[in-house]
Amino acid sequence: MAKNWYMDVLGSRLEKLYSLKPTCNPSEITKIEDTIEILESLIYGIEYAEEVHGDFLGRVELERDRLSIVKPYIELIKPLSKRDSVEEFPKNYGVRKYSEEELMDVVQDFLRSSLDDELYNRLRKIFKKKSKYVWMSRIGEMDGDGDTIYLPYFDEAFIRVKREDTITDLGSLAHEFGHGLQDFMNFDLQLHNEKRIFGEIVSTFFEFLLKDYLKSIREFKMATIDNERLYYNRRILRTKQIITMNEMFDKWENLKCSSVAALKKKMNSDLGGCDVKGIKSIDEVLSSKPSLYPPYVVAYIIAMEMFLVYTEDKKRGLDLLRKVMEIDLELPNDVYQNKLTELGLGGSERIDEYEKILSMNRSVNF
180 MAKNWYMDVL GSRLEKLYSL KPTCNPSEIT KIEDTIEILE SLIYGIEYAE
230 EVHGDFLGRV ELERDRLSIV KPYIELIKPL SKRDSVEEFP KNYGVRKYSE
280 EELMDVVQDF LRSSLDDELY NRLRKIFKKK SKYVWMSRIG EMDGDGDTIY
330 LPYFDEAFIR VKREDTITDL GSLAHEFGHG LQDFMNFDLQ LHNEKRIFGE
380 IVSTFFEFLL KDYLKSIREF KMATIDNERL YYNRRILRTK QIITMNEMFD
430 KWENLKCSSV AALKKKMNSD LGGCDVKGIK SIDEVLSSKP SLYPPYVVAY
480 IIAMEMFLVY TEDKKRGLDL LRKVMEIDLE LPNDVYQNKL TELGLGGSER
530 IDEYEKILSM NRSVNF
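For the sequence shown, position 125 matches number 304 in our numbering, and the numbering has no gaps at all.
Rendered as structure tokens:
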């Protein structure tokens, strides 16, 4: 973890918040309180409350609740779950190693080309002070591929990504800039708590936009198309895993066991007979926080549909992006989901359409 980066940059902001004089402005008070909560969670290593479940049975109940929200979306993609073959990560097909400055230049040009002026300008402040707001780590220095830390009181977004020296570095940056735009446009701590299930939509949409942009650049074209297919296959595999886990949590919901050991034995027995790649034991499933997976399934399906609208009509696609970002984050999850449906997001026919696009891309001669 980038300890010095946290302490030097984020720690100084926490100290500033502690020293602020009291205010009577309700909006400002909320921003201050939210920013303090975010900073304290990061600096002191305290995870958000919905992730902290030391009790095994409590974790099972949490994951069951998280997975149940995904049902309307995974049903759409369930017929495709047979397409679960995952290739090894493709070679970069001559894509050279890029410096951090070059990576940022590519991403900036991508955002400038793909967004309209209003949306792009919301992200320009990050590029103006790249050394302040963007940090690229090496493998082993951080968990995950990246994260975005938004501080509402300061209206600042800090981006970290893990460099792998492959084309995925660009995808990680694009993904985190998507989080940054969502936060700049409409931030609420709900996105990290009750709304976490919907928290990856905009960032995943940015990955779709990036792939479309990179296919127009000769150096990136072949690697991007292979990466796009790999990305699709992995999402299908993840969906199959979540479908299986969802069905199991439904079975376990009313299961009464006298001990955690008895429950784990029953779970592992069920897992042993379900032939789902990547799932070996319930300990492995829970320790890897499966609650983090459903958001990516929801996001993949919705972002895919948004991208198809964008390819048909860029202006209409960006208007749809705005409408998604502007949905009230205080709404209950089921109402929020209905708002997405009202925008036309959640139809299975678009998945088949995207599959056709992937097939066409694979047939291109180079």
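Beta carbons: idealized from backbone N, C-alpha and C, even for Gly.
Original post:
Skipping 5 residues on each side, what residues in its chain have a beta carbon closer than 6 Å to that of Tyr-533?
Top reply: Mapped onto the sequence shown, residue 533 falls at position 354. The residues are Met-483.
Subject >> Contact under 8 Å by Cβ, Val-476 with Tyr-252 >> reply: Residue numbering aside, residue 476 sits at position 297 when the sequence shown is read from its first letter. Residue numbering aside, residue 252 sits at position 73 when the sequence shown is read from its first letter. Yes, the Cβ-Cβ distance between Val-476 and Tyr-252 is below 8 Å.
Subject >> Span separating the alpha-carbon of Asp-391 from that of Glu-355 >> reply: Within the sequence shown, numbered from 1, the residue matching residue 391 stands at position 212. Within the sequence shown, numbered from 1, the residue matching residue 355 stands at position 176. The alpha-carbon atoms of Asp-391 and Glu-355 are separated by roughly 17 Å.
Original post:
Among all the DSSP beta bridges, which residues are the ones paired with Thr-327?
Top reply: Here residue 327 refers to the residue found at position 148 of the sequence shown. According to DSSP, which records beta bridges pairwise, Thr-327 is partnered with Ile-338.
Original post:
Grouping DSSP H, G and I as helix and E and B as strand, with all else coil, what is Ser-448?
Top reply: As a position in the sequence shown, residue 448 is number 269, starting the count at 1. Three-state DSSP puts Ser-448 in a helix.
Original post:
Cβ of Ile-380 within 8 Å of Cβ of Ala-478?
Top reply: For the purposes of this step, residue 380 is taken as the residue at position 201 of the sequence shown. For the purposes of this step, residue 478 is taken as the residue at position 299 of the sequence shown. Contact flag set, yes.
Original post:
Got a sec, what are the start and stop residues for the alpha helix (DSSP H) Arg-495 sits in?
Top reply: Taking the sequence shown and counting its residues from 1, the one referred to as residue 495 is at position 316. Arg-495 -> alpha helix (DSSP H) spans 493-505.
Original post:
Just the Cα atoms here: how many angstroms apart are Leu-393 and Tyr-197?
Top reply: For the purposes of this step, residue 393 is taken as the residue at position 214 of the sequence shown. For the purposes of this step, residue 197 is taken as the residue at position 18 of the sequence shown. Rounded to whole angstroms, Leu-393 to Tyr-197 spans 44 Å at the Cα level.
Subject >> Rounded straight-line distance, which links the Cα of Lys-445 to that of Lys-309 >> reply: The residue labelled residue 309 in the question sits at position 130 within the sequence shown. The residue labelled residue 445 in the question sits at position 266 within the sequence shown. Their backbone Cα atoms lie some 51 Å apart in a straight line.
Original post:
If we count the other Cβ atoms within 10 Å of its Cβ and call it buried at 16 or more, is Arg-501 buried or exposed?
Top reply: Working through the sequence shown from its first residue, we reach residue 501 at position 322. Its Cβ having fewer than 16 others within 10 Å, Arg-501 is exposed.
**OP:** Compare the beta carbon distance of Tyr-472 and Phe-377 with 8 Å and say whether it is the shorter of the two.
**Re:** Here the question's residue 472 lines up with position 293 in the sequence shown. Here the question's residue 377 lines up with position 198 in the sequence shown. Contact: no.
Original post:
For Leu-389, which residues from the same chain have a beta carbon less than 7 Å from its beta carbon, with the 5 sequence-adjacent residues on both sides left out?
Top reply: Sequence index remark: in the sequence shown, residue 389 carries index 210 (1-based). Excluding positions up to five away in sequence, the list reads Phe-289, Leu-349, Gly-350, Ala-353.
Original post:
Less than 8 Å separating the beta-carbons of Gln-369 and Glu-521?
Top reply: On the sequence shown, residue 369 is found 190 positions in, with the first residue counted as 1. On the sequence shown, residue 521 is found 342 positions in, with the first residue counted as 1. Not in contact: Gln-369 and Glu-521 (Cβ atoms no closer than 8 Å).
Subject >> Val-543 to Ile-396 span [Cα, whole Å] >> reply: Numbered from its first residue, the sequence shown carries residue 543 at position 364. Numbered from its first residue, the sequence shown carries residue 396 at position 217. For Val-543, the pLDDT reaches just 46, beneath the cut-off of 50, and the residue's location in the model is therefore unreliable, leaving the point undetermined.
Original post:
Using the C-alpha atoms, what's the distance from Leu-409 back to Asn-517?
Top reply: Start at 1 with the first residue of the sequence shown, and residue 517 comes out as number 338. Start at 1 with the first residue of the sequence shown, and residue 409 comes out as number 230. So the two alpha carbons sit approximately 31 Å from each other.
Subject >> For Ile-222, the nearest candidate out of Leu-189, Lys-250, Ser-247 (CA to CA) >> reply: The residue given as residue 222 occupies position 43 in the sequence shown. The option with the nearest alpha carbon to Ile-222 is Leu-189.
Subject >> Reduced DSSP category for Arg-397 - H, G, I as helix; E, B as strand; rest coil >> reply: For the purposes of this step, residue 397 is identified with residue 218 of the sequence shown, where counting begins at 1. Looking at Arg-397 - three-state DSSP - the assignment turns out to be helix.
Original post:
Hey, does Lys-210 have any beta-carbon neighbour from chain C nearer than 8 Å?
Top reply: The structure shown contains no chain C; it holds only a single protein chain.
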